[in-house]
Structure formats: C-alpha cells, structure tokens
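The listed protein sequences derive, respectively, from chains A and B. With numbering that gives the first Met the number 0 applied, the first sequence covers 0 to 374. With numbering that gives the first Met the number 0 applied, the second sequence covers 0 to 374. We put the CB at the ideal spot given by N, CA and C, even for glycine. Report on one structure; see the data block that follows.
2 protein chains.
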Amino acid sequence: MNHFEIVNKDKNCAARRAVLTTAHGKVQTPTFMPVGTAGAVKGITPQQLEKIGAEIMLANTYHLMLRPTVEVVEKLGGLHKFTGWKKPMLTDSGGYQVFSLNSLVKIDEDGVEFASHVDGKKMYLNAELATQIQNRLGADIIMCFDQCAPFPCNDCEMEKIVQRTIRWAKRSKEAHANNKQLLFGIVQGGINLSLREECAEKLIEMDFDGYAIGGLSVGEGHENMAKTVSHTADILPKQKPRYLMGAGMPADIIAAVKGGIDMFDCVLPSRNGRNAFAFTENGIVRLRNNVHIDSREPIEAGCDCYCCRNFGRGTIRHFFNVGEMLGPILVSLHNLRFYQRLMAKIRNALEKNEFAEWADEKLKNDSFNKAQDKC
Amino acid sequence: MNHFEIVNKDKNCAARRAVLTTAHGKVQTPTFMPVGTAGAVKGITPQQLEKIGAEIMLANTYHLMLRPTVEVVEKLGGLHKFTGWKKPMLTDSGGYQVFSLNSLVKIDEDGVEFASHVDGKKMYLNAELATQIQNRLGADIIMCFDQCAPFPCNDCEMEKIVQRTIRWAKRSKEAHANNKQLLFGIVQGGINLSLREECAEKLIEMDFDGYAIGGLSVGEGHENMAKTVSHTADILPKQKPRYLMGAGMPADIIAAVKGGIDMFDCVLPSRNGRNAFAFTENGIVRLRNNVHIDSREPIEAGCDCYCCRNFGRGTIRHFFNVGEMLGPILVSLHNLRFYQRLMAKIRNALEKNEFAEWADEKLKNDSFNKAQDKC
Numbered sequence: 000m001n002h003f004e005i006v007n008k009d010k011n012c013a014a015r016r017a018v019l020t021t022a023h024g025k026v027q028t029p030t031f032m033p034v035g036t037a038g039a040v041k042g043i044t045p046q047q048l049e050k051i052g053a054e055i056m057l058a059n060t061y062h063l064m065l066r067p068t069v070e071v072v073e074k075l076g077g078l079h080k081f082t083g084w085k086k087p088m089l090t091d092s093g094g095y096q097v098f099s100l101n102s103l104v105k106i107d108e109d110g111v112e113f114a115s116h117v118d119g120k121k122m123y124l125n126a127e128l129a130t131q132i133q134n135r136l137g138a139d140i141i142m143c144f145d146q147c148a149p150f151p152c153n154d155c156e157m158e159k160i161v162q163r164t165i166r167w168a169k170r171s172k173e174a175h176a177n178n179k180q181l182l183f184g185i186v187q188g189g190i191n192l193s194l195r196e197e198c199a200e201k202l203i204e205m206d207f208d209g210y211a212i213g214g215l216s217v218g219e220g221h222e223n224m225a226k227t228v229s230h231t232a233d234i235l236p237k238q239k240p241r242y243l244m245g246a247g248m249p250a251d252i253i254a255a256v257k258g259g260i261d262m263f264d265c266v267l268p269s270r271n272g273r274n275a276f277a278f279t280e281n282g283i284v285r286l287r288n289n290v291h292i293d294s295r296e297p298i299e300a301g302c303d304c305y306c307c308r309n310f311g312r313g314t315i316r317h318f319f320n321v322g323e324m325l326g327p328i329l330v331s332l333h334n335l336r337f338y339q340r341l342m343a344k345i346r347n348a349l350e351k352n353e354f355a356e357w358a359d360e361k362l363k364n365d366s367f368n369k370a371q372d373k374c
Numbered sequence: 000m001n002h003f004e005i006v007n008k009d010k011n012c013a014a015r016r017a018v019l020t021t022a023h024g025k026v027q028t029p030t031f032m033p034v035g036t037a038g039a040v041k042g043i044t045p046q047q048l049e050k051i052g053a054e055i056m057l058a059n060t061y062h063l064m065l066r067p068t069v070e071v072v073e074k075l076g077g078l079h080k081f082t083g084w085k086k087p088m089l090t091d092s093g094g095y096q097v098f099s100l101n102s103l104v105k106i107d108e109d110g111v112e113f114a115s116h117v118d119g120k121k122m123y124l125n126a127e128l129a130t131q132i133q134n135r136l137g138a139d140i141i142m143c144f145d146q147c148a149p150f151p152c153n154d155c156e157m158e159k160i161v162q163r164t165i166r167w168a169k170r171s172k173e174a175h176a177n178n179k180q181l182l183f184g185i186v187q188g189g190i191n192l193s194l195r196e197e198c199a200e201k202l203i204e205m206d207f208d209g210y211a212i213g214g215l216s217v218g219e220g221h222e223n224m225a226k227t228v229s230h231t232a233d234i235l236p237k238q239k240p241r242y243l244m245g246a247g248m249p250a251d252i253i254a255a256v257k258g259g260i261d262m263f264d265c266v267l268p269s270r271n272g273r274n275a276f277a278f279t280e281n282g283i284v285r286l287r288n289n290v291h292i293d294s295r296e297p298i299e300a301g302c303d304c305y306c307c308r309n310f311g312r313g314t315i316r317h318f319f320n321v322g323e324m325l326g327p328i329l330v331s332l333h334n335l336r337f338y339q340r341l342m343a344k345i346r347n348a349l350e351k352n353e354f355a356e357w358a359d360e361k362l363k364n365d366s367f368n369k370a371q372d373k374c
C-alpha cells in the first residue's frame, strides 16, 4: 500500500489534497507541523496541541541528542512515550542546527564536528550517525543528513554542497534500519534552479519515501522562495509527499501549496506567541500594545480557539505586562490554531476545486498580506 | 435561603461536610482554592483548573489594584470575564500583601500608606477603599480589611492589632455595597487564644456571611496552628463558613478540617510545582533530581491527573533541565490535582462518617508526613 494517497488534484495549479499514512496514524495534507524542539511545543501540552487540530509534530534531533540524549529517550520508551504525543512525529536530521547554532563547525566529506551550544562539548554527526539516532528516537518520518548552505552562497560553493548532500543522502538511505519509519531525502541548491534540478534527480533515483526542499526561508524573500519551490516540486515524483522545511509565513505556505507542497513546519506561531505577536487574517496584533489595555475584543473575532473564546485582548495584554505565563501560553494557542485553521481552509478549497482562485485572492489581499509583516 | 448548608457533621470532631452557595454557583466544602494572584493560576488555564476539580479560585486585590487596576478590570467586565474563570471567586482584601510585600508602610487608625512593590508609587488602602475595590472587582466572596501581625508579636502589640482589626471590620461591613457578594470577617490574634476569642466575639456581633482565621501559617508551626484553629473555630457560628487563610501543607489542612474549617487557599501547589517539587502521598518528589533521568514512572502511581497519565518522571526532569515551560506546567497541574484529590478524600470520609479516624491515621502516618517536609 502506498503511504501517500492523493485525494484531489487542483486543476489550475500544482496543489494537491492527500492523505499521508504513518506508523502512528494518518495525516491530512497539506499539513502544518508545530515544532517541539526539545520534545515539547513551548508551553503547550500534547492534549492542547491535539485539540488545536495538529496531526503531526516535529522534534529536533540535534536538541534531543544533546539533552536528554538518545539513550535516555530510548529508555523512556521512544519519542512518543517521551513527549506524550501519540500521533505522527517527524524528526529533522540535526544538520540544520549543527550549522545554525554553532560557530565551531569543522566539516569534511565524512561529516561534521561541532561544539555543543549547551556546554561546548565536542560532538560529531554524519549521515550514518544522524540516521541511527533518528532510528532510535523513533519518529514516524525521519530526514537524511544534509549540508545546509549559508545565504547568500555562490554557485561554486553551492554545487559542492549539493554534491555532498547527494552523497550523504545515499549514505543515510543505506544506514536506515527501521522499516516503521519513512525516510525523506532533502533537495538543496539554494535559489539556483539547475542545481535544485540536479539534486532532485539524483535523490529521485535513490527512491525516498518523500522529498523535502531544504535551504529556503533563509532570507531569499517570498518571490525567490515561491519560484524555487514550484520549480523544484514540479520535478519531484507526484506520488510522494513533498515537504518545505522551516516555512513559514502564511503567504509563503499558500504559495508553496500552489507550487505542490504538502507539508510544512515553522517555529513562528509558537515563537511569535511567546512574544505577544498574534496572527490574524487582518495582520499581526501586537498584544503588549497599550491600545489593548481595556479591550474586551478577542484576538481575532470568529476564531474558535480557547484563547479567543475566553479572553479579551485586555486580559492578555495584562498577562504579558505582569509576566504571567498564561500570556505566552494563550497567544501560542491562538497562533497554532490560526495555522491549523489556515491549513483547513487550504484543504477545504482543494476539496471544492477552488484552491487556485482562493490562493490568488489571499495572496493579493492587502489586509491578509499585512499579516506577512516581519515580526 | 442560607448560603451555607451543612450536609454532614462528624460525630468525633468538629469537621463538617457542607455546600456553600455563591452568585457563581455552589462549592462543596471542605474546599481548597487555588491562588490566581494576578488573575491567573501561574501557567494553568481556567479550563485546566476546572478539569482538576477546582470549584473556587482566589485572586489578590493588592496585585490587581496595582496592575491592571480596578478601573481596567471593571472595563474588562469584572473579575470573571477578566480571568476567564466562570465559577466562584474570592478576593482577599489586600491587607496581607500591603504588609508582607512592602517595607515602606505607614499605618494609622484610618488605614495604610505603602509604596507599590512594582514601581514604588505611593498608594493608600483602608477599610472603605479595600471594600469598594472588591465590590468593583466583583468576586463572589470578599474579605474585610484587616491588620496582619508580624510573627512573633507580643501580646500588647497583638491586642492593638486585634482592636484595630475589629474597628476596620465594622467599617468594611458598613462600606460593603454589593449584595451579590458575601463578606467575610477575619479573626486575628496570633496564637493568643483569649485575643482570638475576643476578636471572634466582636466580629460575630457584626454578623458576617462567613469568618476567616488570618495570621496563621506564618511560622508558628503545625501544633500551634492546629490548636489556635480548633479553639477559634469552636467559637464561630456553626451555620457560617469558616476559612483558614493561606494554609497550607496537607497535614495542616487535615488538622484544620478536624478543627472545623471549611475553606483553604495556598500558593504551595503551584509555587512548588514551578520549582519541580511534587506532592505525593509518600512525600515530596524532587523532579530535578538526577535519579529520575530515565524513569518512566509517573510522579504518583494511581494519580488521575493529566501529567501522571501521560508523562514519566524522566520527561518532566528533562523539561526542567532544558527550561521547557511544560515542566512547571505539568508539575503545577499534578500538585493542584493532588490538593483537589486530598479535599475529595476528606469530603468522602466525612460523608461516610469516617473522617476523624481517617484524619488521625493520616496525621500519624510516617510516609504521609514526609510530604510535610519544608520544600
């Protein structure tokens, strides 16, 4: 049985409505995965996450291998028992954090030596280790170990990164030894379309369970991202899930779905929530702002989240003002629900064969695009 | 109709099982009120609090009058709309915090001048102001403005404090202007039993809706507390609720119920939860302890709280170790549920006419008393 079943294909763009089947259940795609870096989405219980409508959660291999270590996660019964999250999970390979969180990185053909950002301890990761660790953590979907390019990056350097990512993907696949887990390859290549093509073709030959597009949402901007995504997705096998890593703002997600992407993850809803920035259809609401001091309005009228049904902006502003944990918790809950509602609207438009039109409307809507302001 | 209906009176001690009726619903007593200092029990949503079994929540007048101010709470629709808590609420008068949180306190017969602990701003409270503020906040039960004694305190000074507390109680009653709210008098007098008697008698003449015992749990120790409570409660009217303010450890609560107390509040379950100290029948579990690193055991076997049903000690230890908010949230949830389970056991024993025996068993049980270790 195929683990990815397309329910509906949009007639006017590359978007598709599908169902992804994993060892811990099905995921309706396009889907958004909240990020539980160290095993928890910050401030949110798995129960709350499930109520928000999340169907799959991401955890970071890099963080977990440092603390509590893969041995401890194993002794605690694996990632699901450890986190208390019973639905599908995905782990990244650790590659991204190795490059983004550490200054002391030594990279060669075999792998990467780095100093832990926690205590400076020398650590090592390569394709085999990253795959073994993910096999042991036990997520439903695991990722190949790849090299992440800096941005900007010249073509010569990017070519080397792409070639190495291809060789590491092959080694990751060979090392993969847990057949309950799907293994995804990661296409690198920055915004260089021919390098993206080359990388994608080589990975497709290796026949992965799914394909991710890495190395975007790093500063290239919405247009470059959308163009690279749709060009790359177009080459990828139709019958396999496609995952755009680390994206992004609502408009990025809509454009990427249009380009044929099925899966997303991003820290924005939870991180912005902790900082009192709330997503709404009409733009970002900054809840520390004094204008909300005596407002009984919910963050977003009509939102069905626990926060909007029970709290006015004035209370939330007060919680941030006095340092009550409930402020970050409530706005994170709202933002995570906002993202799940966005994905539900996308899936709904796809089911009604109205997605391309709906997406274009959204993407040119001024007030919606205000929500894209950097925050 | 009487707002306090005794369902069952223990034959072998002063304990009683009763129902307290307020404008926002009924409360089964003996009851424990979680403390939502600034309008929220730290890290816990009202929904979670309700699921834990809490029926009444306390909020602090002092904190709310400083931030967001009574005007703002009023504009936000009053305490219930403001906090998102739909069940009964109680506010203290602000007196305790005025004395405990501020060094620059000037007290005279009229009231107390103090500097806000937030920004040093000069503030003033007296019986009329504290009552008016509580009338406007809109809790279901409000408290008289009293003077809190330091501990230790000599009899001469305590006598003055008791007399002033009596005069302030009279002024609080005269100022009270919201007939949806029950007003409780507060008996002061430290561990001086004749001063307690004097204070109680004068307050009883004023006919309050309920009576609190203040000025305990301040360092006098379990035996002194239990003795003072039972002596004082014995004088108080049988048909009115009795509230022991700020207590306490589980053994304090059991002893006080035995002495005839119906209501309790304390920050211990939430504060200890934030600090990784968990209450169990077998004593305090310190969750930062390395011994829990790979433990899949719940905090307390058989506990029905969300934390114990879904997380092992190893995960909780990890959350504290990496600074994940979920650590404090989960242990607070457990501790708050532990207190609600304790109250449910007390009520159950009372209903079965087994309370005095059950309480004595508990109070002499070694492993239970380990839970009384200072933490």
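In terms of Cα proximity to B/Ala300, the closest of B/Val71, B/His333 and B/Phe318 is B/His333. Under the Cβ distance rule, B/Gly24 does not count among the residues neighbouring chain A, no pair being separated by less than 8 Å. Assignment of A/Leu325 by DSSP, reduced to helix, strand and coil, places it in the helix class. Under a 10 Å Cβ-count criterion, B/Gly220 is classified as exposed, with fewer than 16 other Cβ atoms of the shown protein chains found around its own Cβ. The segment 160 to 175 of chain A and the segment 141 to 150 of chain A touch, with no fewer than 3 CB-CB distances between them shorter than 8 Å.
Nearest in C-alpha terms to A/Ile283, of all of A/Ile234, A/Met248, A/Ala358 and A/Thr314, is A/Met248.
Sixteen is the threshold: when 16 or more other Cβ atoms of the shown chains lie within 10 Å of the Cβ of B/Ala348, as they do, the residue is buried. B/Leu136 places its beta carbon less than 8 Å from that of B/Gly77. Contact between the segment 235 to 243 of chain A and the segment 2 to 14 of chain A is present, with at least three C-beta pairs closer than 8 Å.
Within the segment 26 to 114 of chain A, the runs of alpha helix (DSSP H) that reach at least 4 residues and sit entirely inside it are, in chain order, 45 to 51, 60 to 65, 69 to 74, 78 to 82 and 94 to 99. For B/Tyr305, the closest Cβ of chain A is nearer than 8 Å.
Considering only B/Val256, B/Cys304, B/His291 and B/Arg287, the residue with the shortest C-alpha distance to B/Phe354 is B/Val256. Just so you know, the alpha carbons of B/Met244 and B/Gly214 end up roughly 8 Å apart. Interface annotation, A/Val71: in contact with chain B, CB-CB separation under 8 Å.
B/Phe183 is bridged by DSSP to B/Met142 and B/Gly209. Around B/Lys41, the same chain offers Ser269 as residues with beta carbons nearer than 6 Å, after the five sequence neighbours per side are excluded. Excluding residues up to 5 positions away in sequence, Ile5 and Lys8 lie with their Cβ nearer than 6 Å to the Cβ of A/Arg15 in the same chain.
Residue-level contact check: B/Gly83 touches chain A, since one or more beta carbons of chain A fall below 8 Å from its beta carbon.
DSSP lists A/Arg16 as the bridge partner or partners of A/Asn7.
For B/Leu341, DSSP assigns no beta-bridge partner whatsoever. Sorting A/Ala138, A/Leu192 and A/Pro45 by C-alpha distance to the C-alpha of A/Asn178 places A/Ala138 at the top.
Contact annotation: in the segment 310 to 330 of chain B, residues whose CB is within less than 9 Å of a CB in chain A are Phe310, Gly311, Gly313, Thr314, Arg316, His317, Phe318, Asn320, Val321, Gly322, Glu323, Met324, Leu325, Gly326, Pro327, Ile328 and Leu329. In the DSSP assignment, B/Leu267 falls within the alpha helix (DSSP H) that extends over Leu267 to Arg273. Taking CB atoms only, A/Thr164 has no neighbour in chain B less than 8 Å away.
With respect to the 8 Å criterion, B/Gly209 and B/Cys198 are not classified as neighbours on the basis of their beta carbons. Residue burial is scored here from C-beta neighbours: B/Leu103 has fewer than 16 other C-beta atoms within 10 angstroms and is therefore classed as exposed. One thing to note: B/Met64 has its Cβ within 8 Å of the Cβ of B/Ile132. The segment 75 to 90 of chain A makes no contact with the segment 111 to 127 of chain A, as fewer than three CB pairs between them are under 8 Å. Within the model, the alpha-carbon separation for B/Pro45 versus B/Val26 is close to 16 Å. Using a Cβ-Cβ cut-off of 8 Å, A/Arg346 is close to nothing in chain B; its nearest Cβ partner there is about 27 Å away. Per the coordinates, the alpha-carbon of A/Gly184 lies some 23 Å from the alpha-carbon of A/Pro151. Not a single C-beta of chain A is nearer than 8 Å to the C-beta of B/Lys179. At least 8 Å separates the beta-carbon of B/Asn134 from that of B/His116. Contact check for A/Thr90 and A/Thr130: beta-carbon distance about 11 Å, past the 8 Å limit, so the pair fails to qualify. What B/Lys41 touches in chain A, judged by beta-carbon distance under 8 Å, is Glu323, Met324 and Leu325, going in chain order. A direct Cα-Cα distance of roughly 10 Å separates B/Pro297 from B/Cys304.
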